[in-house]
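A quick write-up on the structure given underneath.
2 protein chains.
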Amino acid sequence: MNKMLKMNHRDREILLSTPLMSGLNPALGRRVMESAAVFGAEAKDVLFREGAEAENFYVVLSGYVRLFRLSREGREADIGVYGPGETFGECAMFLGCKYSFNAQAAEPVTLARFDVAKIRQIMTEEPEFSMALMGVLAHHLHDARENVANDRLHTAPQRVANYLLEMLQHSGAGNSNSFRLPFQKSLLAGKLGLAPEALSRAFSMLKTSGVSIRGRMVQITDAEALRRI
Amino acid sequence: MNKMLKMNHRDREILLSTPLMSGLNPALGRRVMESAAVFGAEAKDVLFREGAEAENFYVVLSGYVRLFRLSREGREADIGVYGPGETFGECAMFLGCKYSFNAQAAEPVTLARFDVAKIRQIMTEEPEFSMALMGVLAHHLHDARENVANDRLHTAPQRVANYLLEMLQHSGAGNSNSFRLPFQKSLLAGKLGLAPEALSRAFSMLKTSGVSIRGRMVQITDAEALRRI
DNA sequence: CGGCTCTTTGAGAGTGCTCAATGTACGTGG
DNA sequence: CCACGTACATTGAGCACTCTCAAAGAGCCG
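Sequences listed follow chains A and B, in order.
Remember, our numbering sits 13 above the position in the first sequence when you count from 1.
Remember, our numbering sits 13 above the position in the second sequence when you count from 1.
Below is the structure:
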């Protein structure tokens, strides 16, 4: 658990193509990279807990990470799921340096860990980096609000249909009509604010709208019908 | 509607004590202020629509503003409610300069409107301002995620109890056990993701936990009982 | 006092959760 | 290579919750 790794060429490449870093000039990119260290974690490893002192934020290099909050009775609610190229935990820098949620590896992952103190210094000197980070924050904000609206406006089958259509866009650029779910169904259920059973039932309802599922493979024969759900 | 006003001393004072501006050095504060104009709007006036070109963001000087999204069938879901001293619409600057939600005055309001182009210029030159804006973004992000978790973890009476306890903190610093709701109950219902009827029922359930309501006045006789809900 | 809006109350239906049991996939070890 | 075990996924039944629709009540401003 939390095994330190040497940053290899591939890690570096992924980091540089991240929304956080892709726009930076080469010198600045190198400087930011120097405040990062790469490590691996196993499925279910806790990366940090709500309330803990935030000395780092993270970028996912491979695998998926789950952010969630706990109720007093111990029930969990997912707040977001982040995959390769995405940043998480950065908001704690501006919220009293305390994490406001829990983070857990949903599967074996490799992560880049950034040092908050060093990054904060960079921000005071390099507006270019601040702009990039604001972009990330704004994007996360947009996602979170979209989640709120989605939960409040749409039923389970509608949320699932939306998700499938979104995935269809992002994979194969629209020419293909099938793709692979990027992670476990139970994780997807959490991301959509559903119990696993509800996701399962939603999938079986969508069969009548031209969706077929085998394992993680999804095939969509009638995207129009999905949009009408 | 959208009546332009001259910025008076009081407006200036409120703006300067805002999270967005309170930390800035005087010269920078003046410069930021110069990119703003004050105006008033009536209840239900639309300030901007989802998808519209974002040339401004706003700070509330008085009254409350409602942010919401629309479903295809025309149902509305509130994403946030912002009051005096709070910023909204700033995220659009980083999302292709398109607003991603609708904004509407919930009552007569006065607002400061900031010019995005000028502010963007300031950001490239003044890291101090960027830091402040990142603080605002991070805070909004935190609120939005808290909303998601709240919706998914808590029932209507629990959400209302949470809200009342929060309000009790923020008003009177804890020595008083009563306060006034800052806006209409129907707006509060929307903010909490409830139909007005559900809010009403939640209030009447909370009567047995030492909450009494008359109009907008709330009295809490047993805060401990509320916490246990 | 009358008219309007906001709020409350009631009844009914839809939606998703919990719990429990069965099915299925995958990885391990015999 | 097959048998087994474990974790994941599906299915069913019952229940809790909140929405919708409809009507009655309260507050506010003219």
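The beta carbon of each residue, even a glycine, is placed where N, CA and C say it ideally should be.
The model shown is predicted, which means the values in this text are computed figures rather than measured ones.
No Cβ-Cβ contact shorter than 8 Å links residue 102/B with residue 52/B.
Look at the segment 149-200 of chain A and you find these whole runs of beta strand (DSSP E), each 3 residues long or longer: 191-193. DSSP places residue 87/A in the coil class of the three-state scheme, outside both helix and strand. The shortest CA-to-CA distance from residue 216/A to any of 204/A, 198/A and 44/A is the one to 198/A.
With a 10 Å radius around the Cβ and a threshold of 16 neighbouring Cβ atoms, residue 106/A comes out buried. When secondary structure is reduced to three states using DSSP, residue 17/B falls in the strand class.
Per DSSP, residue 217/B is one residue of the alpha helix (DSSP H) stretching across 209-219. Distance between residue 49/A and residue 71/A, taken at the CA atoms: about 9 Å. Three or more pairs of CB atoms, one per stretch, sit closer than 8 Å, so the segment 199-212 of chain B contacts the segment 158-171 of chain B. Among the residues of the segment 74-90 of chain B, those with a Cβ less than 7 Å away from any Cβ of chain A are 82, 84, 88 and 90, in the order of the chain.
The secondary-structure analysis by DSSP pairs residue 230/A across a beta bridge with 193/A and 227/A. Under a 10 Å Cβ-count criterion, residue 99/A is classified as buried, with 16 or more other Cβ atoms of the shown protein chains found around its own Cβ. Inter-residue distance for residue 43/B and residue 66/B is about 27 Å (C-alpha atoms, whole angstroms). Straight through space, the alpha carbons of residue 150/A and residue 54/A are spaced by roughly 25 Å. From the listed residues 39/A, 79/A, 97/A and 124/A, the smallest Cα separation to residue 69/A is found for 124/A. In the DSSP secondary-structure assignment, residue 82/A is bridged to 90/A. Along the length of the segment 109-144 of chain A, whole alpha helix (DSSP H) runs at least 4 residues long occupy 129-138, reported in chain order. Short of 6 Å from the beta carbon of residue 20/A, and not among the five residues preceding or following it, lie these beta carbons of its own chain, in chain order: 51. Neighbourhood of residue 140/B in chain A, by CB distance below 9 Å: 136, 137, 138, 139, 140 and 143, in chain order. Within the segment 161-184 of chain A, 161, 162, 164, 165, 166 and 167 place their CB atoms closer than 8 Å to a CB of chain B, listed in sequence order.
Between residue 22/A and chain B, the shortest Cβ-Cβ separation is not below 8 Å.
Distance between residue 148/A and residue 85/A, taken at the CA atoms: about 33 Å.
If you compare the alpha carbons of 127/A, 144/A and 134/A with that of residue 135/B, the shortest gap goes to 144/A. Cβ contact annotation for residue 226/B (same chain, cutoff 6 Å, sequence separation greater than five): 216, in chain order. With 16 or more other Cβ atoms from the protein chains shown falling within 10 Å of its own Cβ, residue 34/B counts as buried. Taking C-beta separations shorter than 6 Å and ignoring five residues to either side along the sequence, the partners of residue 59/A in its chain run 117, following chain order. When the beta-carbon positions are compared, residue 162/B and residue 90/A come within less than 8 Å of each other. One finds nothing in chain B with a Cβ atom closer than 7 Å to the Cβ of residue 61/A; even the nearest lies about 15 Å away. Looking at the DSSP output, residue 69/B sits in a beta bridge with 128/B. Taking the beta carbon of residue 151/B as reference, the chain A residues within 7 Å of it are 104, 107, 108 and 150, listed in sequence order.
Of all residues in the segment 28-60 of chain A, none comes within less than 9 Å of chain B when Cβ atoms are compared.
At a cut-off of 8 Å between beta-carbon atoms, residue 216/A makes no contact with chain B. Taking every protein chain shown into account, the CB of residue 188/A has fewer than 16 other CB atoms within 10 angstroms, so this residue is exposed. Residue 115/A is classed as buried because its beta carbon has at least 16 other beta carbons within 10 Å across all chains shown.
Between the alpha carbons of residue 23/B and residue 220/B lies a distance of about 40 Å.
If you check the CB distance, residue 184/A and residue 232/A do not come in under 8 Å.
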